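Report on one structure; see the data block that follows.
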Amino acid sequence: MNGVPAADTLALVVFIAFFGITIILGSTVSHWRGLLSGGKKKSPAPGSSGGHGQDAHGNEDWGLGGRQFGPWITWFLVGGDFYTAYTVIAVPALVYAVGAYGFFALPYTIIVYPFIFVVMPRLWKIARDGGHATAADIIRARFGSRTLELAVAISGLVAVMPYIALQLIGIRTVVQALGLPGDIPLVIAFVSLAAYTWLGGLHAPAFTAFIKDVMIYIAVIAAVTLVPLKLGGYGHMFSLMNTILPPPDDTHVLKPGQLVPYATLALSSALAAFLYPHTLTGILAAKSENTVRQNAVYLPIYTIVLGLIAMLGMMAHVAGIDTQISSLVVPLLFLKLFPDWFAGFAFAAIAIGALVPAAVMAIGAANLLTHNVLPKRCDTVTGSRVAAFVVKLGALLCVLFLNAQFAIDLQLLGSVIILQTFPALVLGLFRISYSVIGMTAGWAAGMVTGLGICWMDGLRPVHTLTFSGYSELVSTGLIALAVNITVVAVFTALRHFAPGAAIANQSAK
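The sequence shown begins at 1 in UniProt numbering and counts up by one.
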């Protein structure tokens, strides 16, 4: 596969063993729920809506784990959902390609946790008290607008679809690296994900996230310890990197033109990160506000691991890895420097690292479909399972009919889209009399701006802003969000200063 050396049978056996055990554990998680809930019987959340009687409670259990996950389970679930196989593959690939600029994921995952600490406990409480399972549920209750509810729901669905596709691509990449040809890896990825999610619901990724994280930690720690030893130590490695990817003449690690895009990409990514259906699902599944706060404090541990993962891109250069396909950087590094059995273990860790978040993504998207898009009669366990399957099928079609780079570009576009739900979902938490029309108009203006810029720029994540002869690259999502918030502010001001105006004839509840 594009020059990838095939690992031997031992690597494939190790991969199948770990990946298969994880699938079995996740698919049979209903027999392990005592471990997740401490043997306590779950009670439905106050105000739970959608469906009737036991079916409603069963749907909440399948889609939100019964809202019973404590700090330990939530930490693994949210971390496993947020730090995906795409992270393990794409971040080192970006560092391999552009050097220090690829480390922008680190500040963004630092900025995001204070945001979680301040905003998410309040969001969790509103969802718990109202029995809401999605962001669009909260919007419907807050603003009483079906149009705005649909806008937020569709934004989430469109944003998460290419994200699931990237997880399938991640599984396909490592399985192909093991020597399996053609579409067999993709079939394995899709069938595994479908069975895992259908049978286990949110309990499946919650339970197996622990396995995923332990395996990722072992693989990464082994890599950052043993690879430098094989390459002559960290000092030698960084000296070579100065030659391979030399710093600019002004001695700054980033080039002058990279400073603003680096900062704005980090900020926009942080603001968007927990607006996605899958990350928000992990938060809403927590059992208390304090659980959410505790996770905001302890989740930065993952950022330390992310920094180590990013360095794999530099190690690949020093190890002599030469490839034009960025997604192969990490697989090639492990195949070259580690025994085949450990390469199989590491590839299983990456594949499980795709399986866990992809399952949560499909469940989050299914919650949006059954709660906010489809008729209420679809809001059942069976309806949610079918909806999740349809979402995964859509992601599979993305992989089959779009090349991998276009799927990555669509994911970048998804971050622009999901960011436009920020005013309604986050600013809407403040008890200000917003105009519903203003919120909807702001969302539409942000969408038109963001998608229009992306179309003109060829799906790039940054756009050149020029003012008085001064040009700077700025995150496209942040530009669109600024337009969005400006429109909301104008409509809100009109409501306060001209309460009789027809343009502001509705207010938030």
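All residues carry an ideal CB built from backbone N, CA and C; glycine is no exception. Remember, it's a predicted structure, so these values are computed and weren't measured experimentally.
* Exposure label - arginine 431; buried when at least 16 CB within 10 Å -> exposed
* To do: Using three-state DSSP, classify tyrosine 83 as helix, strand or coil.
  => coil
* For leucine 465, which residues does DSSP report across the bridge? -> Glu472
* CB-CB length for residue 515 against alanine 349, believed under 8 Å -> Residue coverage of the chain in this structure runs from 1 to 509, which leaves residue 515 outside it and unanswerable.
* To do: Would you mind sorting tyrosine 262 into buried or exposed? The rule is 16 or more other CB atoms within 10 Å of its CB.
  => buried
* **Reference valine 356, options Leu186, Val220, Phe207, Pro185, closest by Cα** => Phe207
* Have a look at Ala219, Lys230, Gly282, Phe389 and flag the residue whose alpha-carbon is nearest the alpha-carbon of tryptophan 72. => Gly282
* Is the segment 89–97 close to the segment 313–331, with three or more CB pairs under 8 Å? -> yes
* Asked: What three-state label does DSSP hand phenylalanine 104 in the structure shown?
  -> helix
* **Span separating the alpha-carbon of alanine 209 from that of leucine 77** => 6 Å
* Beta-bridge partners of phenylalanine 69, as assigned by DSSP -> Ala286
* What does a CB cutoff of less than 7 Å around valine 260 pick up in its chain, not counting 5 residues either side in sequence? -> Glu472, Leu473, Val474
* Given that a residue counts as buried once 16 or more other Cβ atoms are within 10 Å of its Cβ, and exposed if not, what is tyrosine 470? -> exposed
* **Pairwise C-alpha distance: alanine 11 and isoleucine 171** => 15 Å
* Return the first residue and the last residue of the alpha helix (DSSP H) that tyrosine 196 is part of. => 184–200
* To do: Take every Cβ of the segment 458–465, pair it with every Cβ of the segment 183–190, and state whether three or more of those distances are shorter than 8 Å.
  => no
* Between which two residues does the alpha helix (DSSP H) harbouring lysine 392 extend? -> 381–401
* To do: Can you tell me which of Ala359, Ile244, Phe347 puts its alpha carbon nearest to the alpha carbon of glutamine 176?
  => Phe347
* To do: Please classify isoleucine 138: is it buried, with 16 or more other beta-carbons within 10 angstroms of its beta-carbon, or exposed?
  => buried
* To do: With a threshold of 16 other CB atoms inside 10 Å of the CB of valine 13, please say whether the residue is buried or exposed.
  => exposed
* Hey, would you say leucine 429 sits closer than 8 Å to arginine 122, going by beta carbons? -> yes
* Taking only the alpha-carbon atoms, compute the straight-line gap between phenylalanine 342 and leucine 193 and give it to the nearest angstrom. => 24 Å
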